[in-house]
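Data first, discussion second: the structure below is written as structure tokens.
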Amino acid sequence: MTQSTMRLTVNGKTHDVDAAPDTALLYVLRNDLALNGPKYGCGLGECGACAVLIDDVAARSCVIPIEGCAGRDIVTLEGLGSREHPDPVQQAFIREQAAQCGYCLNGMIITTKALLLRSPQPSEDEVLEALRHHLCRCGAHIEIMRAAMRAAGHVVEAQA
Numbered sequence: 001m002t003q004s005t006m007r008l009t010v011n012g013k014t015h016d017v018d019a020a021p022d023t024a025l026l027y028v029l030r031n032d033l034a035l036n037g038p039k040y041g042c043g044l045g046e047c048g049a050c051a052v053l054i055d056d057v058a059a060r061s062c063v064i065p066i067e068g069c070a071g072r073d074i075v076t077l078e079g080l081g082s083r084e085h086p087d088p089v090q091q092a093f094i095r096e097q098a099a100q101c102g103y104c105l106n107g108m109i110i111t112t113k114a115l116l117l118r119s120p121q122p123s124e125d126e127v128l129e130a131l132r133h134h135l136c137r138c139g140a141h142i143e144i145m146r147a148a149m150r151a152a153g154h155v156v157e158a159q160a
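Here it is in structure tokens:
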């Protein structure tokens, strides 16, 4: 497919990108815009490491062609907050130390943010359902779940 220029809005900024329309959004974000929050995991939309918000909905950027993203609001992990002022979801993950290697965290944080945008006070079952299709190979699921619940306004005490 031939390249063309497409206009994408990412983290509130407009970018003109020269790429084939069927190029995966993940490649444009990482290679052209130097946004490294979304990770390449499986390349099949299965693991969730590449998640971004598109119009406030979590989406797997490794399988979404950029032609479908023009005119939509794309937010990456970098667009949620900064080191000085992290988003409340990011702050909850920091507070709960919900990382081991950190590779899956982009998807976990983005998906938690999307859940909270549509359901500001989700139940534990809703959080579990939202995160169930994200893979964490390190086994930090307990800390990740605690962080997501904290972000949702539920303070969960550690189990002995």
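In this text, residue positions in the sequence shown follow UniProt numbering: the first is 1, and each later residue adds one.
By construction, the Cβ of each residue, glycine as well, lies at the ideal position given by its N, Cα and C atoms.
Computed from a predicted model, the values in this text were never measured in an experiment.
Asked: To the nearest angstrom, how far is the alpha carbon of Leu105 from that of Gln3?; Found: 32 Å
Asked: Under 8 Å, with one C-beta from each stretch per pair, do the region 81-93 and the region 46-54 reach the 3-pair mark?; Found: no
Asked: Considering Cα atoms alone, identify which of Val155, Gly107, Ile94 is closest to Thr76.; Found: Gly107
Asked: Would you mind working out which of His134, Ile110, His15 sits nearest Asp56, comparing C-alpha positions?; Found: Ile110
Asked: Just to confirm my understanding: we take Ala160, look at its own chain, exclude 5 residues before and 5 after, and list those with CB closer than 6 Å. What are they?; Found: Reliability of the predicted coordinates at Ala160 is poor, the pLDDT of 44 falling under 50, and the value obtained from them is presented with this limitation in mind. Cβ within range, chain order: n/a, list empty.
Asked: Distance, Cα to Cα, Gly153 vs Ala20?; Found: 42 Å
Asked: Just to confirm, does Gly37 get its C-beta within under 8 Å of one of the non-hydrogen atoms of the ligand NAP?; Found: The model depicted lacks the ligand NAP and carries no ligand whatsoever.
Asked: Which residues mark the beginning and the end of the beta strand (DSSP E) in which Asp56 is found?; Found: Here Asp56 belongs to no beta strand (DSSP E), and DSSP marks it neither H nor E.
Asked: Is the separation between the beta-carbon of Glu124 and that of Leu115 shorter than 9 Å?; Found: no
Asked: What three-state label does DSSP hand Thr112 in the structure shown?; Found: helix
Asked: Just verifying my parser: in three-state terms, what is the DSSP assignment at His134?; Found: coil
Asked: Measure how close the beta-carbons of Asn11 and Glu78 come, nearest whole angstrom, since I'm counting them as under 8 Å.; Found: 6 Å
Asked: I need the straight-line Cα distance from Gly102 to Leu33, nearest angstrom please.; Found: 21 Å
Asked: Any idea what DSSP makes of Ala140, helix, strand or coil?; Found: coil
Asked: Could you check which residue in Thr112, Cys138, Ala147 has the C-alpha nearest to that of Gln97?; Found: Ala147
Asked: Do you know how far the Cα of Asp18 is from the Cα of Thr5?; Found: 4 Å
Asked: Here's the rule: buried if 16 or more other CB atoms are within 10 angstroms of the residue's CB, otherwise exposed. What is Thr23?; Found: buried
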